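Q: The end of the sequence shown is residue 1153 by this note's numbering, with every number in the run present.
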Amino acid sequence: MAERKSEKELAFLHELYVATDWGERFAALVDEHVELPKEGRVLYVESGTGGHAMAIQERFEDKVTLVCVDESEERLELARAKAVAMNAEPEFRAAQPDNLWLRDDQFDLVIGNGSLVGHDRLYKMFSELVRVTTPGGIVAFTLTTFSSFSEFFSIYWEALRNAGLEEHDIDVEELIRELPTISQIEEIAGQEGLENVTSWTHIEEFDYESGEEFLNSPLITDFLLREWLRELPEAAQDKVSAEIARIIDEERHDTDFALSVKATLVTGRKREE
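(1) Answer yes or no: the CB of LEU980 versus the heavy atoms of the ligand ADP, is any distance below 7 Å?
(2) Check SER1079 in the structure and name its three-state DSSP category.
(3) Would you list the residues sitting across from TYR1088 in a DSSP beta bridge?
(4) With 16 as the cutoff for other CB atoms within 10 Å, does ASN979 come out buried or exposed?
(5) Rounded to whole angstroms, how far is the Cβ of VAL925 from the Cβ of LEU1059, which I believe are closer than 8 Å?
(6) Round the Cβ separation of VAL1019 and THR1147 to the nearest angstrom and send it over; I've been treating them as touching at under 8 Å.
(7) Which class does VAL1165 belong to by DSSP, given the choice of helix, strand or coil?
(8) Roughly how far, in whole angstroms, is the beta-carbon of ALA1116 from the beta-carbon of ALA1039, given that I think they are within contact range, below 8 Å?
(9) Could you tell me the boundaries of the alpha helix (DSSP H) in which GLU887 lies?
(10) State buried or exposed for HIS894, treating a residue as buried only when at least 16 other CB atoms are found within 10 Å of its CB.
(11) Which same chain residues, not among the five before or five after GLU954, have their C-beta less than 6 Å away from its C-beta?
(12) Going by beta-carbon coordinates alone, are SER1140 and SER1028 separated by less than 8 Å?
(13) When the Cα of ILE1100 is compared with those of LEU996, GLU912 and LYS962, which residue comes out closest?
(14) In chain order, what residues of the same chain lie with their CB nearer than 6 Å to the CB of GLY1091, ignoring the 5 residues before and after it?
(15) On the three-state DSSP scale, how would you describe PRO1098?
(16) Looking only at its own chain, which residues have a Cβ that is under 7 Å from the Cβ of PHE987, when we skip the five neighbours before and after it?
(17) If you count every other CB in all the chains shown that lies within 10 Å of the CB of GLY930, and 16 or more means buried, which is it?
(18) Per DSSP, GLU971 forms a beta bridge with which residues?
(19) Return helix, strand or coil for GLY1070, following the three-state DSSP convention.
(20) With DSSP as the reference, please indicate the residues paired to LYS1142 in a beta bridge.
(21) Please return the same chain residues whose Cβ sits closer than 8 Å to the Cβ of GLU1072, not counting the five positions on each side in sequence.
(22) What do you get for ASP950, buried or exposed, if any count of 16 or more other CB atoms within 10 angstroms of its CB means buried?
(23) Nearest-angstrom Cα distance between GLU1093 and LEU1112?
(24) Tell me the DSSP secondary structure of VAL898 in three-state form.
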């Protein structure tokens, strides 16, 4: 794979290619199903470069304040510049989504974007979202769920075999298993102290005209693929990536290669003590 880009470059790619397509699919779920408070404090975790967070802020009444948290200081810099241009006044803070340094019980609505957070961090992130929500407040959590990326995983498995890396079959199995089912997320929501738990899922497709276009997509190469190939030796990653592109071209039969994603929103109200 190409050398990893700087955090500043990744922030610009996130703004141009991730927030405007991938991010909008998950943001639409929030816009459709989450009722905004008329007063109080709202937290947006993993707000990225701030586009959706500030679009939400435009719908707030004067008695609502917004705090945006992201683990990338470079993405927050772009968000701050955007806020100045839009004459918006959210508060921006850098923090890990699974280790917020905020006090307990202080936000009336907490929105967490877990769509690109590593799945080994998702459950702790969910726990943190609930922790900082006021009793009676609402938690809204977006993420990808089980059976997402199935087209890619079958190709990845074949590419590993063709590259003589059968010992890494278990890595593909782990990637498939670590995607939580909707029922698992709803169960965890209850265990974390949420009631009236509800979920919605949209099946989204991302289309690519060729294997080359797939690998040249910033969403794929700079965000998703690095997570998917994380267990491979660096020396093998280019070979496997090239095999993935070859198989995509061989199997798509002059049609687009469609990568399907189960975009899911889970909401609940924090129990009052």
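Don't be surprised by glycine CBs; every beta carbon is placed ideally from N, CA and C. Source: prediction; values computed, not measured.
A: Reading it off the structure:
(1) What this structure holds is no ligand at all, so the ligand ADP is not there to describe.
(2) strand
(3) PHE1137
(4) exposed
(5) So it is not a contact: roughly 20 Å between Cβ atoms.
(6) 7 Å
(7) In the structure as shown, the chain starts at 881 and stops at 1153, and residue 1165 therefore has no counterpart that could be examined.
(8) Not confirmed; about 10 Å, so no contact.
(9) 887-893
(10) buried
(11) GLU887, LYS888 and ALA891
(12) yes
(13) LEU996
(14) ALA1125, ILE1128 and ASP1129
(15) helix
(16) ARG921, VAL922, LEU923, VAL1012, THR1013, THR1014 and GLY1017
(17) buried
(18) VAL947
(19) helix
(20) ILE1083
(21) PHE1006, SER1007 and VAL1010
(22) buried
(23) 22 Å
(24) helix
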